[in-house]
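See structure below.
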Amino acid sequence: MGLCLGSEVTEEGKKAKLHSSEIDRELYEQAKREMNVVKVLLLGAAESGKSTLVKQMKIIHSNGFTNQELSSFKPAVLDNLLMSMKFVLHGMGVLRINLANSKNKHHAQTCLFFDNMTRIVSPDYVPTEMDVLRVRIRTTGVIETQFKVKHLVFRLYDVGGQRTERRKWISCFEDVRAVLFVVSLSGYDMTLVEDPSMNRLQESLRLFSSICNNVFFRSTSMILFMNKIDLFQEKILHSGRHLRYYLPLYRGADCDVDSAARFIASMFVSQNAMPRKLIYYHFTTATDTSNVQVVFQVVMDTIMKENLEAVSLL
């Protein structure tokens, strides 16, 4: 009886040991796989262009959108079209703009949908990739996009930028290798939809300061995408809404786009309170695939370089 019991205990022990070894092996293999995963957090205030960058990653690294996926954006494009028309018509009334006057024709040309109205309202309309890049869809929750570059797997997490969405950011902070913070340069003369008393650029600056100096990101690569440089250029050169009206410390020329853009970039970089932490910044146009491809390659090279340095220190 005693011998049988001892034999059963030994057999159970062998099974437990084998099971433990299998778990250890699986954990080891998972750890090896995770070593090649780069988790990148995409942050920024609302309407900065974060989601457009995510769409670009799909176009550049994941063979783009299928016809079915393109078709799924049709309701959003039509909704954007209708809302844009309402805003323009309201603005015409407020500003007393008469589009019948030849002097005001350029107002209509600033709205892309006027050039594409016939195509978009066609019954058999299927959005193009450019339509998808231009369409505005509010991001809620966390959207994960995964793509592979060389031997590394990049996981890009896009989190809603509205104030009500930011409480969800904390769940994404663990094991982040890099933070891409997107800034809308063209928002220097605009206010938040949810708070008309708050300037968009100042809100973005305040938000970046809290992210940049967060203890979670003490050793995390911090990269600024100074986005919408194309719209920023149009405003600086042609709108008369000079940067010094909104940022009195700016001393550059009114129509010097490069000086104005770099001044704003320096405002963000100066928020860094950690002397050993490097902040990289790039000027981008998120709707321009070739521009995003070039800039993102530089960013990925930076992330991969720092990733290798971190691994070598382990």
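Position 99, counted from 1, in the sequence shown is what my numbering calls 99; the numbers after and before it change by one each time, with no gaps. Every residue, glycine too, gets a C-beta built ideally from N, C-alpha and C.
Residues sharing a beta bridge with residue i, DSSP
i      : result
Lys39  : Arg155
Ile279 : Met222
Gly44  : Val182
Lys148 : Val153
Thr191 : Asn199
Phe142 : The identity of residue 142 in the sequence shown is Val, whereas the question assumes Phe. Note: Val142 sits in a beta bridge opposite Val159.
Nearest-angstrom Cβ-Cβ length linking residue i and residue j, presumed shorter than 8 angstroms
i      : j      : result
Leu205 : Tyr188 : That pair is no contact at about 10 angstroms.
Val38  : Leu152 : 5 angstroms
Lys58  : Thr145 : 7 angstroms
Ala374 : Leu243 : One cannot answer for residue 374 here, as it falls past the ends of the chain, which runs 1 to 314.
Lys50  : Leu42  : 5 angstroms
Val257 : Leu237 : 7 angstroms
Met300 : Val149 : 6 angstroms
Nearest residue (CA-CA) to residue i, options the options
i      : options                           : result
Thr302 : Met190, Gln233 and Leu224         : Leu224
Gln68  : Asn272, Leu192, Val132 and Ser270 : Val132
Glu234 : Asn214, Cys255, Ser72 and Met222  : Cys255
Lys357 : Leu247, Ala253, Ile264 and Ser219 : Missing from the structure shown is residue 357; the chain here goes from 1 to 314 and no further.
Phe296 : Asp195, Ser266 and Val54          : Val54
Tyr245 : Tyr157, Lys15, Asn116 and Asn199  : Asn199
Asp230 : Val294, Ala286, Gln293 and Pro248 : Ala286
Cys212 : Asn272, Phe154 and Asn36          : Asn272
Thr220 : Leu185, Phe73 and Arg177          : Arg177
Met267 : Met226, Ile137 and Thr284         : Met226
Met85  : Ser72, Thr145, Asp115 and His61   : Asp115
Val269 : Phe181, Thr284, Val215 and Leu237 : Phe181
His282 : Tyr250, Val183 and Arg276         : Val183
Tyr316 : Arg276, Ala261, Val149 and Ile143 : Any property of residue 316 remains undetermined from this structure, which presents the chain solely from 1 to 314.
Ser48  : Arg241, Phe232 and Asp258         : Phe232
Pro123 : Lys74, Arg251 and Asn214          : Lys74
Thr66  : Asp288, Pro127, Asp79 and Lys148  : Pro127
Thr118 : Asp258, Ala253 and Leu81          : Leu81
Asp175 : Arg155, Ile60, Val193 and Gly240  : Arg155
Tyr125 : Leu18, Arg134 and Leu70           : Leu70
Ser62  : Gln293, Val298, Met304 and Ala76  : Gln293
Ile60  : Phe147, Asp258, Phe217 and Thr10  : Phe147
Leu278 : Ile137, Leu78, Phe217 and Thr52   : Phe217
Asp79  : Met300, Val135 and Lys15          : Val135
Met130 : Gly240, Gln56 and Tyr280          : Gln56
Ala45  : Leu207, Leu18 and Val88           : Leu207
Gly64  : Val299, Val88 and Thr289          : Thr289
Met274 : Ser209, Ser239 and Gly240         : Ser209
Run of the alpha helix (DSSP H) containing residue i, from where it starts to where it stops
i      : result
Glu129 : Glu129 to Arg134
Phe232 : Ile229 to Glu234
His61  : Lys50 to His61
Glu69  : Asn67 to Ser71
Ser122 : Here Ser122 belongs to no alpha helix (DSSP H), and DSSP marks it neither H nor E.
Ala260 : Val257 to Val269
Arg244 : Leu243 to Tyr246
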